[in-house]
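Novice: In the numbering used here, the protein residues as written are 463 to 853.
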Amino acid sequence: MSDAPDPALPSDAEAAGLRKIIHVDMDAFFASVEQRDNPELRGRPVAVGGSSGRGVVAAASYEARKFGVKSAMPSVTAKRLCPDLVFVKSRFDAYREASQQIRAVFRHHTDLVEPLSLDEAYLDVTEDRFGIGSATRIAELIRQEIRAKTKLTASAGVSYNKFLAKLASDQNKPDGLCVIRPGQGAAFVQSLPIRRFHGVGPKAEEKMKRLGIETGADLAAKEIEFLRTNFGSFADYLFRAARGIDLRPVRTHRQRKSVGGERTFSEDISSGSALRETLDRIVDIVWDRIEHNKARGRTVTLKLKFTDFQIITRAQSVSHWVEDKAEFARLGHALLEEVLPLPMPIRLMGLTLSKLDRGDGAAGDSNPDGGGPAPSDRADRDRKTAQLSLF
Ligand SMILES: [Mg+2]
């Protein structure tokens, strides 16, 4: 995993409680889109990507994978492994279109969608919008809806955290489903070869083998100090992963740093009353977006573009989250009053909320050897909760 866990973690990180997480992953996505759109490619080993000397395989169909062809492999190597390999050029418009269709299916069931790429996402379905009653059933419906809309297959993993859900989606590919229920996570993880752990690349795998770590169980048997000595900042993640623990929330807006909106006027405006009215309208629009995105921020920025195209911005930060519209409006108006009267009319006004809480602060990972309950207590609690909660 690229983001090392923060050692200074809230002790009550588990307050989030038991969650229902689905990881959906399309099967051989680019290659499947090509086989869908061109019947001649069906049943044949297909690689998306350039076949030339420096080409690289972007995606391989399952027929090609049988020969050992993999994505990121040089095309020359792929051709050597599978002489009948058919190379097709990538068509990102087609992949993006299918991607939008699957995201619409996800969003039908939950707003808590974290896309990892065009064809993969985590969903938090704890809320169970339609009262379906079981995360497994929701995952099955999602797979059916994806197939109906895109004529493509998806695999899904269902569990109580992202780490396990992602392992599960990989378990029965293609067109598969796997559920890791509360209380089963540790046992599932401990049976796995170490390379199945997300974030353990060939180098880490080699090092682990030298240290006698071949499986999740071997990893779980190591003390945290041993892991820290050998793997540095990766140790805390490994320690938790080996126990099936992962408290990272589903992050809906990874990239988003601000929420805002602006208006360009057909006529330049300069009077105080027109400016204030305009600002109110922008507040309405932007606050809708803030609520829709479940965003919370600390900084409000006003932007004005004058008729000579010069732009000025004024910003104000507060020490708490701006959580209601009245305060957002008040801060925006205070910024506007500061710059009145304007030296010349404006053609554009914008208002933005930034320094956002992206949902990864308070509910971060737990410290593996401090704070929260010991893993055995946790497993015990998982089992208890399982009785109350249908997976
Ligand atoms: Mg995929």
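We put the beta carbon where it would ideally sit given N, CA and C, even for glycine.
Can you check which of these residues, Ile564, Ala796, Met806, Val784, is closest to Gly732 by C-alpha distance?
Specialist: Reading the sequence shown from its first residue, position 270 is the one you call residue 732. It is worth fixing the name first, because residue 732 is Ser in this sequence and not Gly. Selected option, being the one with the closest Cα: Met806.
Novice: Along the chain, where does the alpha helix (DSSP H) that runs through Glu785 open and close?
Specialist: Start at 1 with the first residue of the sequence shown, and residue 785 comes out as number 323. Looking at the DSSP string, Glu785 is not in any alpha helix (DSSP H), and its letter there is neither H nor E.
Novice: Could you tell me the alpha carbon to alpha carbon distance between Ser596 and Leu603, rounded to whole angstroms?
Specialist: Your numbering for residue 596 matches position 134 in the sequence shown. Your numbering for residue 603 matches position 141 in the sequence shown. So the two alpha carbons sit approximately 11 Å from each other.
Novice: Is any non-hydrogen atom of ligand 1 found closer than 8 Å to the C-beta of Phe491, if you look at the structure I gave you?
Specialist: Walking along the sequence shown from the start, residue 491 turns up at place 29. True, at least one ligand heavy atom lies under 8 Å from that Cβ.
Novice: For the beta strand (DSSP E) containing Phe549, name the first residue and the last one.
Specialist: The residue you call residue 549 lines up with position 87 of the sequence shown. Taken as a continuous stretch (DSSP letters only), the beta strand (DSSP E) holding Phe549 covers 548-550.
Novice: Suppose you measure from the CA of Ile747 to the CA of Gly723; what does that come to, to the nearest Å?
Specialist: The sequence position of residue 747 within the sequence shown is 285, counting from 1. The sequence position of residue 723 within the sequence shown is 261, counting from 1. For Ile747 and Gly723, the distance between alpha carbons rounds to 7 Å.
Novice: Suppose you measure from the CA of Arg776 to the CA of Glu589; what does that come to, to the nearest Å?
Specialist: The residue given as residue 776 occupies position 314 in the sequence shown. The residue given as residue 589 occupies position 127 in the sequence shown. Put simply, the backbone Cα of Arg776 is about 39 Å away from that of Glu589.
Novice: Note down the Cα distance separating Val519 from Leu654, rounded to an integer number of angstroms.
Specialist: Your numbering for residue 519 matches position 57 in the sequence shown. Your numbering for residue 654 matches position 192 in the sequence shown. Taking the straight line from one Cα to the other gives about 28 Å.
Novice: Could you have a look at Lys765 and say whether DSSP puts it in helix, strand or coil?
Specialist: Locating residue 765 in the sequence shown gives position 303, counting from the first residue. Of the three classes helix, strand and coil, the one that applies to Lys765 here is strand, per DSSP.
Novice: Compute the minimum distance between the beta carbon of Asp487 and the heavy atoms of ligand 1, and state whether it is under 8 Å.
Specialist: In the sequence shown, counting from the first residue as 1, residue 487 sits at position 25. At least one heavy atom of ligand 1 is found less than 8 Å from the C-beta of Asp487.
Novice: Going by the C-beta, is Asp581 closer than 8 Å to any heavy atom of ligand 1?
Specialist: The residue labelled residue 581 in the question sits at position 119 within the sequence shown. Yes, the Cβ of Asp581 comes within 8 Å of a heavy atom of ligand 1.
Novice: What residue range does the alpha helix (DSSP H) around Tyr622 cover?
Specialist: Position 160 of the sequence shown holds residue 622. Counting along the chain, Tyr622 falls outside any alpha helix (DSSP H), and DSSP gives it neither H nor E.
Novice: Taking the beta strand (DSSP E) that Pro664 belongs to, which residues open and close that run?
Specialist: Residue numbering aside, residue 664 sits at position 202 when the sequence shown is read from its first letter. Per DSSP, Pro664 belongs to no beta strand (DSSP E); it is in the alpha helix (DSSP H), 664-672.
Novice: Going by Cα to Cα distance, which pick from Leu815, Ile707, Ser533, Ser552 is closest to Gly647?
Specialist: The sequence position of residue 647 within the sequence shown is 185, counting from 1. For the residues Leu815, Ile707, Ser533, Ser552, the minimum Cα distance to Gly647 belongs to Ile707.
Novice: Let me confirm a value: Ala490 is counted as buried when at least 16 other C-beta atoms fall within 10 Å, else exposed. Which label applies?
Specialist: Residue numbering aside, residue 490 sits at position 28 when the sequence shown is read from its first letter. Burial call: buried.
Novice: I need the straight-line Cα distance from Ser816 to Phe853, nearest angstrom please.
Specialist: Counted from its first residue, the sequence shown places residue 816 at position 354. Counted from its first residue, the sequence shown places residue 853 at position 391. Rounded to the nearest angstrom, the two C-alpha atoms are 37 Å apart.
Novice: So who's on the other strand from Arg776, going by DSSP bridges?
Specialist: In the sequence shown, the residue the question calls residue 776 occupies position 314. Bridge partners of Arg776: Leu764.
Novice: Run through DSSP, which three-state label would Asp573 get?
Specialist: Numbered from 1 along the sequence shown, position 111 holds the residue referred to as residue 573. Asp573 falls in the coil class under three-state DSSP.
Novice: Could you tell me the alpha carbon to alpha carbon distance between Leu741 and Phe727, rounded to whole angstroms?
Specialist: Against the sequence shown, residue 741 aligns to sequence position 279. Against the sequence shown, residue 727 aligns to sequence position 265. Leu741 and Phe727: Cα-Cα distance of roughly 12 Å.
Novice: With distances taken from CA atoms, which of Glu799, Val550, Gly638, Phe768 is nearest Met488?
Specialist: In the sequence shown, the residue the question calls residue 488 occupies position 26. For Met488, the nearest C-alpha among the options comes from Gly638.
Novice: Run through DSSP, which three-state label would Glu496 get?
Specialist: As a first step, residue 496 is located in the sequence shown; it is residue number 34 there, counting from the start. Looking at Glu496 - three-state DSSP - the assignment turns out to be helix.
Novice: Within 10 angstroms of the Cβ of Gly794, are there 16 or more other Cβ atoms? Answer buried if so, exposed if not.
Specialist: For the purposes of this step, residue 794 is identified with residue 332 of the sequence shown, where counting begins at 1. Classification for Gly794: buried.
Novice: Just to confirm, is the Cβ distance from Lys765 to Ile773 under 9 Å?
Specialist: Position 303 of the sequence shown, counting from 1, holds the residue named residue 765. Position 311 of the sequence shown, counting from 1, holds the residue named residue 773. Yes, they are a contact pair.
Novice: Let me know if Glu525 comes out buried or exposed under the rule of 16 or more other beta-carbons within 10 Å of its beta-carbon.
Specialist: Position 63 of the sequence shown, counted from the first residue, corresponds to residue 525. Buried, since its Cβ has 16 or more Cβ neighbours within 10 Å.
Novice: Does DSSP classify Asp637 as helix, strand or coil?
Specialist: Position 175 of the sequence shown, counting from 1, holds the residue named residue 637. Coil, per DSSP.
Novice: May I ask you to verify whether the region 698-713 touches the region 618-635, counting CB pairs closer than 8 Å and requiring at least 3?
Specialist: With the cut-off at 8 Å, the region 698-713 and the region 618-635 touch.
Novice: Between which residues of its own chain and Gln563 is the CB-CB distance below 6 Å, once the five residues before and five after are set aside?
Specialist: Here residue 563 refers to the residue found at position 101 when the sequence shown is read from its first residue. The beta carbon of Gln563 is closer than 6 Å to those of Lys611, Thr612 in its chain, skipping five residues each way along the sequence.
Novice: At what residues does the beta strand (DSSP E) containing Ala522 begin and finish?
Specialist: Start at 1 with the first residue of the sequence shown, and residue 522 comes out as number 60. Start and end: 519-522.
Novice: Taking the alpha carbon of Thr814 as the reference point, which residue from Arg657, Phe790, Glu800 has its own alpha carbon closest?
Specialist: The count along the sequence shown starts at 1 and reaches residue 814 at position 352. For Thr814, the nearest C-alpha among the options comes from Phe790.
Novice: Please state whether DSSP places Thr588 in a helix, a strand or coil.
Specialist: Position 126 of the sequence shown, counted from the first residue, corresponds to residue 588. The answer is coil: DSSP assigns Thr588 none of H, G, I, E or B.
Novice: What are the start and end residues of the beta strand (DSSP E) that includes Phe650?
Specialist: Within the sequence shown, residue 650 is the residue found at index 188, counting from 1. Premise fails: Phe650 lies in the alpha helix (DSSP H), 647-652, not in any beta strand (DSSP E).
Novice: Classify Leu802: buried if its beta carbon has 16 or more other beta carbons within 10 angstroms, exposed otherwise.
Specialist: Taking the sequence shown and counting its residues from 1, one reaches residue 802 at position 340. Exposed.
Novice: Can Leu737 and Ala703 be called in contact, C-beta distance under 9 Å?
Specialist: Here the question's residue 737 lines up with position 275 in the sequence shown. Here the question's residue 703 lines up with position 241 in the sequence shown. Not a contact, by the Cβ cut-off of 9 Å.
Novice: In chain order, what residues of the same chain lie with their CB nearer than 8 Å to the CB of Val784, ignoring the 5 residues before and after it?
Specialist: Counting from 1 along the sequence shown, the entry for residue 784 is found at position 322. The residues are Arg758, Gly759, Arg760, Val762, Phe790, Leu793, Leu815.
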